[in-house]
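Below: the structure, in structure tokens.
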Amino acid sequence: MSALLQVRGLSHHYGQRIGCQDVSFDLHPGELLCIVGESGSGKSTLLKTAAAQLAPSSGSVRYHQRDGDWLDLEELSEANRRRLAREEWGFVTQNPRDGLRLNVSAGANVAERLMAMGMRNYGQLRDIAKGWLERVEIDPARIDDAPTAFSGGMQQRLQIARTLVTQPRLVFMDEPTAGLDVSVQARILDLLRRLVNELGLAAVMVTHDLAVARLLAARTMVMQGGRVVETGLTDQILDDPQHPYTQLLVSSVLTT
Amino acid sequence: MYVAVKGGEQAITRSLQLLAEARRGDLTVPELSLDQIREQLRLGVARVMQEGSLYDEELAALAMRQAAGDMLEAIFLLRAYRTTLPRFGYTQPLDTNAMRVRRRVSGTFKDVPGGQVLGPTYDYTQRLLEFESTAPTSPLQAEAPLPDTMPRVLDLLDAEALIERIDAGVDPEPIDLTREPLMFPADRATRLQNLARGDEGFLLGMAYSTQRGYAESHPFAGEIRMGEVDVVICPEELGFAIEIGSITLTECQMINQFHGGNGLPPQFTRGYGLCMGEGERKAMSMALVDRTLRCDELGEPAYAPAQNQEFVLSHSDSVEASGFVQHLKLPHYVDFQAELSLLRTLSKQHAQHLNAEETAAQETSS
Amino acid sequence: MTSNYNFAFLDENTKRMLRRALLKAVAIPGYQVPFGSREMPLPYGWGTGGIQLTAALLGPDDVLKVIDQGADDTTNAVNIRRFFARVAGVTTTERTTEASVIQTRHRIPETPLREDQILVFQVPEPEPLRTLEPREAETRTLHALADYGLMHVKLYEDIAQYGHIATSYDYPVLVDGRFLTSPSPIPKFDNPKLDHSPALMLFGAGREKRLYAIPPYTKVESLAFDDHPFEIQRWEHQCELCGSDESYLDEVVVDDRGSRMFVCSDTDYCRQRRAEQAA
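Chains as they are written, first to last, in our numbering: chain A, 584 to 839; chain B, 14 to 379; chain C, 23 to 301.
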């Protein structure tokens with residue numbers, strides 16, 4: 584099967600400092616890839632560069648469109664980049680407050696991407712929004728409430744609904760469960776696993792938590808100091824880590 | 014019977030007559046002459062010239078008198094007049110190195126070549142109201158003349174390569190903000206132009222906010238100098254430069270600590286302020302805000318209002334701000350009527366909603 | 023006419039700059055053209071954009087009408103009319119049908135306009151997205167990409183909260199199917215008059231330094247949802263002076279017990295109707 588996203592030799596530098604360095608991977612349709620590493624390891628930089636939110640210092644990202652053509656993201660116009668980000672991709676931020684519009688209702692948050700794509704039937708927008716609130720386990724009766732009235736876990740689920748409403752093919756997630764209580768985390772991870780399966784989504788998820796990778800990802804990449812130090816099937820990495828840094832990470836998970 | 018309001022024209026004429034009377038005040042008190050304003054209210058004249066973007070003491074004094082001392086109104090009058098003036102040409106860049114300095118202080122070195130020169134300053138006046146005039150009866154005579162020019166304090170740091178170099182050669186030709194609209198992102202020359210025309214009070218508040226933690230600011234007043242600078246133009250038909258006079262300027266160079274970033278080494282950086290006439294508070298505020306607005310270029314985290322160029326530059330101009338705030342006193346009957354009928358609809362809906370809830374509650378309780 | 027100033031106050035180079043910008047605006051309906059707005063002897067927010075456009079348009083033979091809130095005799099309208107009588111010496115009129123250039127604040131006359139007339143709007147805030155997105159660099163990008171989902175979020179929110187779109191004036195329109203545009207703070211009652219108007223409509227925002235145009239016979243749609251179509255204000259009253267039941271009405275408090283009466287906001291329209299009735 585042909586890849587959906589092809590990343591080759593990707594680097595992003597902040598001045599002299601390395602964000603991420605020389606990263607290559609393929610992501611296939613329906614696949615969930617986890618990028619793990621401690622904070623400062625460059626995983627969020629890699630995610631943002633792959634999602635074309637940061638310009639690469641070198642290397643390339645290619646995306647396989649619905650129509651079969653390959654898009655080189657560096658050659659993409661601002662207009663196409665935004666269209667892609669709105670219609671075919673999604674981005675879930677760590678802090679839901681960064682990804683939501685806090686001054687409008689939950690319903691408007693979910694419906695925004697549909698309206699941007701031209702949907703102009705209020706009743707239909709409401710129905711779809713209610714359906715999605717249900718899917719992410721938010722009471723549809725709260726459709727007109729402001730996200731600020733929601734708990735952190737609900738806000739994150741709302742952000743997920745807002746992102747997935749246009750049925751994107753590819754979703755980038757930056758630590759979507761960090762900063763939430765353990766029980767809340769489990770519920771969201773469970774939800775994500777179910778939705779990814781139902782929708783056949785491809786996803787790249789950044790996490791510092793190997794347990795998250797074990798639960799969700801078939802494949803995992805381990806980063807340290809901006810570079811990928813190990814990559815492979817998640818089970819393999821957990822059972823038989825090769826790189827000393829991965830061994831350290833795995834042992835720290837097992838002991839806790 | 015009701016007749017639609019008429020008589021706007023007459024009301025305006027009468028209002029203008031009342032204004033003229035109020036402006037002149039008691040007729041037994043002699044009218045202020047423009048010379049008196051120019052000579053005795055020179056700092057006010059300087060501010061009107063600076064924010065009015067027109068160096069003409071006579072016109073600034075006239076505007077101040079006409080505005081009955083309302084500085085923002087005087088600035089507005091001068092700006093509107095300036096619009097009608099033809100452009101004969103552009104001056105060469107002013108050379109503030111060659112300033113004939115009357116005041117020059119530095120907060121960074123105890124002594125500097127040329128010395129600290131206090132000049133005429135309010136700094137050490139003790140702010141006691143002087144009920145008796147302390148004006149001298151004859152001109153003062155200096156014991157020794159000041160040097161013709163003084164080196165810049167910042168050049169001393171430049172020699173050690175501790176301060177960023179400013180290469181004037183790579184500066185793009187600045188746009189004329191009174192002829193072209195402000196567009197974002199604005200380059201530094203455009204920003205400085207906007208700040209130079211900006212309201213002193215606004216800039217002072219913005220500058221103050223950077224010192225209180227709303228932005229990273231570690232400034233030192235590297236040098237403040239005030240004095241006269243020659244104005245030179247090079248008319249096309251002549252082909253060589255001629256001096257057409259000199260003007261009073263105040264210049265401030267702030268030195269700011271910078272730990273490096275965005276590919277730049279740790280060094281001191283500069284903030285720049287310049288204004289016509291004696292306007293030290295304005296020049297210093299401008300220099301602080303200029304430096305703060307360079308956050309993107311220097312890769313500093315931007316979170317504070319004074320670092321947001323759209324925020325600062327869009328709201329700095331007193332003529333724009335004063336006009337828009339005060340336009341609220343114009344009639345808004347039509348919009349208000351639209352809002353009124355909307356509000357009536359909403360309040361009717363609200364009442365119906367409450368009634369329905371009440372009825373439902375009664376039904377369940379009975 | 024005051025001879026110390028050029029005809030219509032502005033110098034000819036400035037007028038040429040304005041006319042070039044206006045041509046661009048007409049060529050790209052609804053697009054906000056940045057222009058070198060001059061400082062006028064009128065405060066910002068009081069019609070500096072409108073008077074610059076009018077100054078660039080006026081010739082000695084033009085007949086100028088100025089209205090504010092639909093009325094010729096409101097003080098700011100009087101003042102602008104006085105200004106042009108003083109610096110351009112043009113004939114002024116209060117009759118809509120006699121005017122070749124009409125400068126307006128907050129209304130479109132009730133009397134239908136003709137092809138040989140130009141309507142100049144005073145605009146306080148040209149950017150319809152401004153209250154939703156304060157950054158100018160971003161709103162320009164949204165226009166460039168025709169990315170207007172944000173505006174519909176606002177309308178959605180109105181319906182969710184109030185059951186209908188609760189924007190009563192400055193109601194956003196889409197011009198020629200392309201640019202989201204502010205019609206200036208006219209009541210939405212006037213929006214239908216923008217669509218396929220025979221008269222050229224020009225909009226000037228002096229403080230924000232933008233101008234834009236709706237050329238004659240251009241399609242202008244007021245934003246709405248399919249199942250919540252655009253609607254204009256209706257009154258239960260008729261004008262108590264001329265009896266009109268199809269004009270925009272002002273509510274006037276007539277005594278200190280709070281009694282109200284409703285009269286046409288367009289004073290010329292009302293006067294003409296009463297003259298016809300008297301004849």
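Here a beta-carbon is modelled for each residue, glycine too, at the ideal position from N, C-alpha and C.
{"query": "Span of the beta strand (DSSP E) around Ile601(A)", "result": "600-610"}
{"query": "Asn321(B), DSSP secondary structure in three states", "result": "coil"}
{"query": "Contact with chain B by Ile208(C), beta-carbon distance below 9 Å", "result": "yes"}
{"query": "Proximity of Glu158(C) and Glu323(B) at Cβ, strictly below 9 Å", "result": "yes"}
{"query": "Residues of the region 598-619 of chain A whose Cβ lies closer than 7 Å to any Cβ of chain B, in chain order", "result": "Gly598, Gln599"}
{"query": "9 Å Cβ cutoff met for Ser259(B) and Phe89(B)", "result": "no"}
{"query": "Which of helix, strand or coil DSSP assigns to Leu654(A)", "result": "strand"}
{"query": "Which residues DSSP lists as bridging Arg117(B), in chain order", "result": "Val130(B), Arg238(B)"}
{"query": "Supposed close pair Phe608(A), Phe674(A) - CB separation, criterion 8 Å", "result": "About 18 Å separates the two Cβ atoms, so there is no contact after all."}
{"query": "Neighbour flag for Asp249(C) against chain A, beta carbons, 9 Å", "result": "yes"}
{"query": "Contiguous beta strand (DSSP E) assignments of at least 3 residues, all confined to the region 116-202 of chain C", "result": "123-127, 140-144, 195-197"}
{"query": "Any C-beta of chain C under 9 Å from that of Met196(B)", "result": "yes"}
{"query": "6 Å CB neighbourhood of Met23(C) in its chain, flanking five on each side removed", "result": "In this prediction, Met23(C) has a pLDDT of 48, which is less than 50 and means its spatial position is unreliable; what the coordinates show is noted afterwards. Excluding residues within five positions, the ones whose Cβ falls inside 6 Å are Gly111."}
{"query": "Gly185(C): contacting residues in chain B (beta-carbon distance under 8 Å)", "result": "Gln362"}
{"query": "Nearest to Asp290(C) (by Cα), restricted to the options Glu116(C), Pro205(C), Ile236(C), Arg41(C)", "result": "Glu116(C)"}
{"query": "Chain A contact residues for Gly276(B), given Cβ-Cβ distances below 8 Å", "result": "Gly598, Gln599"}
{"query": "9 Å Cβ cutoff met for Phe201(C) and Tyr53(C)", "result": "yes"}
{"query": "Under the three-state DSSP convention, the category Gln807(A) falls into", "result": "strand"}
{"query": "Sequence ranges, beta strand (DSSP E) only - wholly within the region 154-195 of chain B, length at least 3", "result": "none"}
{"query": "Supposed contact pair Leu793(A) and Val845(A) - C-beta distance, whole angstroms, cut 8 Å", "result": "Past the edges of chain A, shown from 584 to 839, lies residue 845(A), and the structure says nothing about it."}
{"query": "CA-to-CA distance, Gln320(B) to Asp184(B), given in whole angstroms", "result": "22 Å"}
{"query": "Alpha-carbon to alpha-carbon, Ile743(A) and Leu831(A)", "result": "32 Å"}
{"query": "Rounded separation between Gln648(A) and Leu654(A) - CA only", "result": "7 Å"}
{"query": "Where Thr36(C) sits in the DSSP three-state scheme", "result": "helix"}
{"query": "For Trp563(A), the first and last residue of its enclosing alpha helix (DSSP H)", "result": "Residue 563(A) lies beyond the residue range present for chain A, which begins at 584 and ends at 839; the question has no answer from this structure."}
{"query": "Member of Pro148(C), Tyr191(C), Thr203(C), Pro146(C) whose CA lies at the smallest distance from the CA of Tyr170(C)", "result": "Thr203(C)"}
{"query": "First and last residue of the uninterrupted beta strand (DSSP E) at Cys527(A)", "result": "Outside the shown range of chain A, which is 584 to 839, sits residue 527(A), and nothing can be said about it."}
{"query": "Environment of Arg129(C) [buried if 16+ CB atoms lie within 10 Å]", "result": "buried"}
{"query": "Per-residue contacts from Gly312(B) into chain A (C-beta, under 7 Å)", "result": "Gly598"}
{"query": "Distance CB(Ser624(A))-CB(Gly809(A)) smaller than 9 Å", "result": "yes"}
{"query": "Beta-carbon gap between Ala73(B) and Leu56(B) smaller than 9 Å", "result": "no"}
{"query": "Span of the beta strand (DSSP E), counted from its first residue to its last, around Glu273(C)", "result": "271-275"}
{"query": "9 Å Cβ cutoff, Phe337(B) in contact with chain C", "result": "yes"}
{"query": "9 Å Cβ cutoff met for His737(A) and Pro759(A)", "result": "What sits at residue 737(A) in the sequence shown is Met, not His. No, these two residues do not count as a Cβ contact at 9 Å."}
{"query": "Closest residue to Glu70(B) among Gln49(B), Leu85(B), Glu86(B) (Cα-Cα distance)", "result": "Gln49(B)"}
{"query": "Within chain C, partners of Leu355(B) - CB distance below 8 Å", "result": "Ala188, Ser190"}
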